[in-house]
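Residue numbers (the UniProt record's numbering): 1 to 299.
All C-beta atoms, glycine included, are put in the ideal place defined by N, C-alpha and C.
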């Protein structure tokens, strides 16, 4: 379908955003989705010292937990860029959301980021009860490169058996870390790169060596042990084709997966254009996916 008119209008008004990415001002706190409590803490585990932000949706004795990894931190993002996403996920699903600020790891070295995030999630799963969480229902979510980190952490945990996560939610993940565009096997890279907010060549300058795992070469046995998975792709995202190929590989391996392509939309639609139909639909579907699992655990 044609790209949504409000997206085209944005790029007509701000043409530099086509290659430099969309930069939108966060609304004041009083206009953000309401949650019961937001608090900042820190993980201190061995040599790991990472800030986390905890979003409590409402006052309850127990919660299912959702760990969130923000893709924007790789380039210029920070907690502010993922604040609304975490609020939306918490308020819609009833999960307590724990956002990991891995910016300190990136400042040390890109290659240390994966291990740091992996160990942080290992610590969270081992200490779920400290957050009032159900240790049997800890899930992970990420957007863009955050989604890539999330699913890579899942694969590593399957190989090591260090911990088990209940679900993974991957919003427009980046699966192939080559910087190929014109010679790429993915048509979406050739057609949409540097047109709607993503320039692969710029992005890969920051992302090289981030993920030590080749996602598309992960063996079928490992993929078959994936937790229940929800993947969103966007029609006009240059990473659409590889995200759909990854979803197909997980499905063929026998794992439970739901893949939804948002036609007419672009990379980052769960963050940009708040209030638009697909923006709201994305969070509604995410909550529906998580709440189904929560009911099964309670029963």
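A check of alpha carbon separations from residue 262 across 120, 237, 189 and 100 identifies 237 as the nearest. Secondary structure at residue 167: strand, using DSSP grouped into helix, strand and coil. Boundaries of the beta strand (DSSP E) harbouring residue 38: 37-45, taken from the DSSP string. Linking residue 218 to residue 283 through their CA atoms gives a straight-line distance of about 29 angstroms. When secondary structure is reduced to three states using DSSP, residue 71 falls in the helix class. Contact annotation, residue 144 with residue 172: C-beta distance approximately 6 angstroms; criterion of less than 8 angstroms satisfied. For residue 143, the enclosing beta strand (DSSP E) covers residues 133-143. Here the alpha carbon of residue 18 sits roughly 44 angstroms from the alpha carbon of residue 129.
Judged by DSSP secondary structure, residue 234 falls within the beta strand (DSSP E) whose first and last residues are 228-234. For residue 62, the secondary structure class from DSSP, reduced to helix, strand or coil, is coil. Put simply, the segment 85-100 touches the segment 57-68. At least three CB pairs are less than 8 angstroms apart. Separation of residue 222 and residue 153 (C-alpha to C-alpha, rounded to the nearest whole angstrom) is 12 angstroms. The beta carbons of residue 133 and residue 69 sit no closer together than 8 angstroms. Contact between residue 148 and residue 175 holds, with the beta-carbon distance rounding to 7 angstroms and staying under 8 angstroms.
Between the beta-carbon of residue 83 and that of residue 31 there is about 12 angstroms, and that puts the pair past the 8 angstroms contact cut. Under DSSP, residue 55 shares a beta bridge with 38 and 97.
As the crow flies, the alpha-carbon of residue 81 is around 24 angstroms from that of residue 3. Of all alpha-carbon atoms in 271, 292 and 275, the one lying nearest the alpha-carbon of residue 23 is that of 271.
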